[in-house]
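In order, the protein sequence lines correspond to chains A and B.
Using my numbering, you'd call the opening residue of the first sequence number 803 and step up by one each time.
Using my numbering, you'd call the opening residue of the second sequence number 60 and step up by one each time.
These notes are about the structure you will find just below.
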Amino acid sequence: MSVLVNNDTRLLVQGITGNSGATHTRGCLDYGTNVVAGVTPGRGGQKFDDKVPVYDTVVEAREATDCNATMIFVPPAFAADSIMEAIDAGIELVVAITEGIPVADMMRVKSKLTHSDSILIGPNCPGIITPGQCKIGIMPCYIHNPGDIGVISRSGTLTYEAVWQLTEAGYGQSTCIGIGGDPIHGMTHLDAAKLLTEDPDTRAFILIGEIGGSEEEEAAAWIKENCDKPVAAFIAGATAPPGRRMGHAGAIISGGKGTAEAKQEALLDAGITLAATPSEMGAALIKALG
Amino acid sequence: MNIHEYQAKELFDKYGVATPAGRVAESAEQVVQIAGELDTDTVVVKAQIHAGGRGKGTFKSGFQGGVHLCDSAEKAGEIAGKMLGEVLVTHQSGEEGKLVRKVLVAASVDIDKEFYFAILMDRETERVVIVGSSEGGVDIEDVAENSPEKIFHEPIHPTLGLQDYQARKIAKQIGFSSKQMRPAAKLFTAAYNLFMATDCSMVEINPLVLTTDEEVLALDAKFGFDDNALFRHPDIAALRDTDEEDPREVAASKFDLNYIGLDGNIACMVNGAGLAMATMDIIKHYGGDPANFLDVGGGATEEQVREAFRILAGDPKVDAILVNIFGGIMQCDVIAQGIINAAKEIEMNLPLIIRLEGTNVKEGRQLLEESGINLITASDLGDAAKKAVESVAKSA
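This is how it looks when you write it as structure tokens:
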């Protein structure tokens, strides 16, 4: 019941010995994620919490443990380098949690990513979770339940909000993907929508967008032509003033582009059920299920 | 982050982007000296504030216009004397206007043609893109609307960078002659080098001008910088002028809080940018008006929460405060302790609506209950927004 991560995921953590890296590695271990290795340059040979071996480079970790996913907590100044190191080592799934990576760095990362087989989620994202099987990221565990509803979102806490509404209403989740709030990032709304549409164990999904860019419109256009599953959506930022960056580097209305209104129109046109407020995301999905 | 016109000119000078000769001054005497040194008949004196519309603005003293052409150094000094230390009001400055502390003195140039030139970080193509047009000195959005065929785009390869042929190509596309092409291309390359070296998000030169002497010059420019990259450009970060910003935003930025002031009366404190926007949306949905956007971030400390609270409570426009926290990295008990500390320090009579969920939520709720602070708890986001709007309606 999932996409991208499951019981077979063998997780590496880059930046495992840093403060947040350590905290959230423990959170993932507690959840039952199979954390097989960590990387911190200069700390090779140590063991994290007496159980997870630490390596100096990703390629060494890959050779020794056959890890197939990585979670990156490296500080912003060095995070682009870490993402490229993971791509270079052939890690299949790269999840970059780090917030605040310069856009020019991400532009170069994307250039390398395009010529690889790796999938990048993030940066500036909460991560990805398949409830009951594998958590890669920083989301609170107790709000999730295994089930068949997918969640895609650019925002961390807004994802928790949607997941909690679903869980409280008795609807579990197949996989929840936080794609991140930066203007240049890896997996898009469209990529995630395609995966959830093709996943036999996902019955329906919620797409949570925000002002800025045109990814929600692209996903809506694809869903209109290709997706038979019920889809609900919410767009944050309808009341945001133009020209101001609303926290996320990617959340900005500029030159009249990226407005909530345009996104809502595209979603409605695709037959997607819109939540009027963020407290009705779960209800909108239930309505879409019919 | 915005910068002043004179700072933009200094950056252009440093990277070899041609501009009219001139310097910044802080006194009328300096203006006379600079104007005298410029080898020109006419100089232009420009008030340095961030708000646009300076030329048509009015000083509170009654003096008209923040941009003046002067035919002598003495005249320039006299005009500068009427600008410096005075408050200039423009259509963008707000009624309170902005104090003019500096003026730019520059050689006036005779313009033959005006062009538009910009370099942008384009999120759709995930590349740097150069945009050029023969239509300069006007709003580029209008050109895009009315004559899109006059706008040219040149995407730049992310690792190869701007090639010389691309610079020449743009110069010809937007209407420079074969003789003018090289100086134009040279300016484009210099501007691109500046863009990349300082992690800009935008450099917009409008107008880019061809003078009657066939010089190609950047006459006015707007800069945008990538906030995420300022850590590696202390010289750029130092260009920030906090006198030009909303004092609430300046106070928030000292504590790494992500704050944007708005005009409503319901203040909100939220963790996460998406949820913060959504909280503004839902306040509006229930008929209220948000006073701000505030994302306290993923790993906020007690001190940050306390300072955030201080800023919200200290805003005279605010009639109620809504706290909406969904803890992930953020722990609800940390937030609760920050609120309790702040409430004890600040005498606050405003309604306080709190909604907590997520990591350590039980501990957080318990702390609040035991604190004896007067607050309204909400069961979910919708409930919180409704209660906030109701509390403001009651006090009105």
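Ideal placement from N, C-alpha and C gives every residue a C-beta, glycine not left out.
Could you tell me whether the Cβ atoms of residue i and residue j are closer together than 7 angstroms?
i               : j               : result
A372 (chain B)  : M407 (chain B)  : yes
D858 (chain A)  : G846 (chain A)  : yes
G386 (chain B)  : G417 (chain B)  : yes
L163 (chain B)  : E263 (chain B)  : no
T1158 (chain A) : D950 (chain A)  : This structure does not reach residue 1158 (chain A), given that chain A is present from 803 up to 1092, and the question cannot be answered.
D439 (chain B)  : A1040 (chain A) : no
H344 (chain B)  : T1079 (chain A) : yes
A139 (chain B)  : A87 (chain B)   : yes
V377 (chain B)  : A359 (chain B)  : no
R307 (chain B)  : G320 (chain B)  : yes
V393 (chain B)  : M328 (chain B)  : no
L147 (chain B)  : A106 (chain B)  : yes
L267 (chain B)  : G196 (chain B)  : no
I874 (chain A)  : A891 (chain A)  : no
S260 (chain B)  : M336 (chain B)  : no
A888 (chain A)  : V860 (chain A)  : yes
I930 (chain A)  : I921 (chain A)  : no
P925 (chain A)  : I940 (chain A)  : no
Q816 (chain A)  : S884 (chain A)  : yes
A297 (chain B)  : V76 (chain B)   : no
A226 (chain B)  : A244 (chain B)  : yes
V805 (chain A)  : T977 (chain A)  : yes
G136 (chain B)  : V91 (chain B)   : yes
Which residues in the same chain as residue i place their Cβ atom closer than 8 angstroms to its Cβ, once the five residues preceding and following it in sequence are excluded?
i               : result
E185 (chain B)  : P217
C869 (chain A)  : R812, L813, L814, V838, A839, A863, I893
R1047 (chain A) : A1053, I1054
G239 (chain B)  : Note on identity: in this sequence residue 239 (chain B) is Gln, with Gly being the wrong assignment. Excluding sequence neighbours, Q239 (chain B) sits near A230, L269, E273, V275.
L1070 (chain A) : L1076
V856 (chain A)  : I818, T819, A839, G840, V841, T842, R845, G846, G847, Q848, K849, F850
Give the DSSP bridge partners of residue i, in chain order.
i               : result
C943 (chain A)  : In the DSSP output, where bridge partners are listed per residue, C943 (chain A) has none listed.
E416 (chain B)  : B:F385
E484 (chain B)  : Residue numbering for chain B in the displayed model covers 60 to 455; residue 484 (chain B) lies beyond these limits and cannot be assessed.
P214 (chain B)  : B:V188
T932 (chain A)  : A:C936
H1050 (chain A) : DSSP, once it has assigned bridges, lists no residue as partnering H1050 (chain A).
A379 (chain B)  : B:I325
N317 (chain B)  : B:D354
F1007 (chain A) : A:G952, A:V1033
T307 (chain B)  : Sequence inspection shows Arg at residue 307 (chain B); the Thr mentioned does not correspond to that position. According to DSSP, which records beta bridges pairwise, R307 (chain B) is partnered with nothing at all.
P855 (chain A)  : A:K849
Q816 (chain A)  : A:V841, A:I874
T436 (chain B)  : B:I413
Within the same chain, show all residues whose beta-carbon is closer than 6 angstroms to that of residue i, passing over the 5 residues directly before and after it, in chain order.
i               : result
K172 (chain B)  : L269
R450 (chain B)  : For the record, residue 450 (chain B) in the displayed sequence is Ser; it is not Arg. A379, P410.
F122 (chain B)  : K141
T436 (chain B)  : I413
I1055 (chain A) : I1013, P1044, T1061
P1032 (chain A) : A1006, A1090, L1091
A1086 (chain A) : A1034, T1075, A1077
Cutting at 7 angstroms between CB atoms, please list the residues of its own chain near residue i, excluding the five before and the five after it.
i              : result
R369 (chain B) : A401, I405
L128 (chain B) : T101, V103, S167
I210 (chain B) : V190, S192, V202, A203
Counting pairs of Cβ atoms below 8 angstroms between the region 275-282 of chain B and the region 204-211 of chain B, do you hit three or more?
no
Just by C-beta distance, which residues in the region 399-423 of chain B are closer than 8 angstroms to chain A?
E416, G417, T418
Taking any Cβ of chain B, which residues in the region 984-999 of chain A have a Cβ under 8 angstroms from it, in chain order?
P985, I986
Could you list the residues in the region 961-980 of chain A with a C-beta less than 7 angstroms from some C-beta on chain B, going in chain order?
Y962, E963, W966
For the pair the region 382-398 of chain B and the region 952-965 of chain A, tell me if three or more CB-CB distances fall below 8 angstroms.
yes
Relative to chain B, which residues along the region 1068-1091 of chain A have a C-beta separation below 8 angstroms, given in chain order?
A1078, T1079, P1080, S1081, E1082
Does the pairing of the region 924-943 of chain A with the region 1006-1013 of chain A give three or more beta-carbon distances under 8 angstroms?
no
Does the pairing of the region 144-159 of chain B with the region 89-96 of chain B give three or more beta-carbon distances under 8 angstroms?
no
Quick one, which residues of the region 928-947 of chain A are near chain B if we go by CB-CB under 8 angstroms, in chain order?
P928, I940, M941, P942, I945
What are the residues in the region 866-884 of chain A lying within 8 angstroms of chain B by C-beta distance?
P878, A879
Identify each residue in the region 180-191 of chain B for which the Cβ-Cβ distance to at least one residue of chain A is less than 8 angstroms, and report them in chain order.
M180, R182, E183, E185, R186, V187
Would the region 938-948 of chain A and the region 968-979 of chain A be scored as touching if the rule is three or more Cβ pairs under 8 angstroms?
yes
Check whether the region 312-322 of chain B touches the region 989-996 of chain A, taking contact to mean three or more Cβ pairs, one atom from each stretch, closer than 8 angstroms.
no
Should the region 108-119 of chain B be regarded as contacting the region 76-83 of chain B, the criterion being three or more beta carbon pairs within less than 8 angstroms?
no
To be precise: take each residue of the region 313-341 of chain B, compare its Cβ to all Cβ atoms of chain A, and keep it if any distance is under 8 angstroms. Which residues remain?
N317, I319, L321, V329, N330, G331, A332, G333, L334, A335, M336, A337, T338, M339, D340, I341
The region 321-337 of chain B contacting the region 350-364 of chain B, beta-carbon criterion three pairs below 8 angstroms
yes
Three or more beta-carbon pairs under 8 angstroms between the region 891-906 of chain A and the region 284-293 of chain B, yes or no?
yes
Residues of the region 282-301 of chain B with Cβ closer than 8 angstroms to any Cβ of chain C, in chain order
In the displayed structure, chain C is absent; the protein chains listed are A and B.
Can you give me, in chain order, the residues of the region 200-218 of chain B that have a beta carbon less than 7 angstroms from any beta carbon in chain A?
E200, P217, T218
Residues of the region 379-396 of chain B with a CB closer than 7 angstroms to any CB of chain A: list them in chain order, please.
F385, G386, G387, I388
Report the residues of the region 352-375 of chain B with a CB closer than 8 angstroms to any CB of chain A, ordered along the chain.
F352, D354, G357, G358
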